[in-house]
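S.K.:
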Amino acid sequence: MRNTLLFAFFIFWYSGAYAQDFYGSSVQEVRIEFPQKNWDTKLDSLKKFNPDARLNATAWLNGQRFDSVGVRYKGNSSYFRARNETLKKLPLNIKLDFKKKGQVLKG
Numbered sequence: 261m262r263n264t265l266l267f268a269f270f271i272f273w274y275s276g277a278y279a280q281d282f283y284g285s286s287v288q289e290v291r292i293e294f295p296q297k298n299w300d301t302k303l304d305s306l307k308k309f310n311p312d313a314r315l316n317a318t319a320w321l322n323g324q325r326f327d328s329v330g331v332r333y334k335g336n337s338s339y340f341r342a343r344n345e346t347l348k349k350l351p352l353n354i355k356l357d358f359k360k361k362g363q364v365l366k367g
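Numbers 261 to 367, taken from the working numbering, label the letters of the sequence shown in order.
1. DSSP three-state label for R358, please.
2. I'd like to check one pair, F294 with A317: are the Cβ atoms closer than 7 angstroms?
3. For L321, which of helix, strand or coil comes out of DSSP?
4. Taking all protein chains shown into account, decide if R341 is buried (16 or more other Cβ within 10 angstroms of its Cβ) or exposed.
5. For R332, does the count of other Cβ atoms within 10 angstroms reach 16, so buried, or fall short, so exposed?
6. Expressed to the nearest angstrom, what Euclidean distance is found between the alpha-carbon atoms of N310 and K334?
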């Protein structure tokens with residue numbers, strides 16, 4: 261019994277000591293620039309007729325520029341829930357290496 265309690269305490273301590281700090285103290289900044297003005301209408305059409313297709317865009321992540329990224333609306337449940345509840349913000353999926361292979365966000 262004593263060994264079991266000691267083992268349980270060790271596991272509890274060990275997992276907490278090496279756990280990642282998932283919620284950091286900084287806010288991440290994401291900016292997306294589309295070459296076309298009606299990007300939201302085009303994304304809606306892509307979602308309806310070709311859900312895997314993406315729009316070309318430029319993205320800035322914490323000030324780092326990424327050219328030729330691919331943007332589409334996120335999965336079906338996220339998209340349709342937001343649409344059905346008439347939310348103004350729709351979730352996006354951004355693929356950094358859409359056109360430029362090897363383009364990654366480090367960290």
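Backbone N, C-alpha and C define an ideal beta-carbon position, used for all residues, glycine too.
M.R.: Short version:
1. Going by the sequence as given, residue 358 is Phe instead of Arg. Coil, per DSSP.
2. For the pair A317 and F294, the CB atoms are nearer than the 7 angstroms cut-off.
3. Here L321 sits in strand by DSSP.
4. Counting of Cβ neighbours within 10 angstroms places R341 among the exposed residues, the total staying below 16.
5. Result: buried.
6. Taking the straight line from one Cα to the other gives about 13 angstroms.
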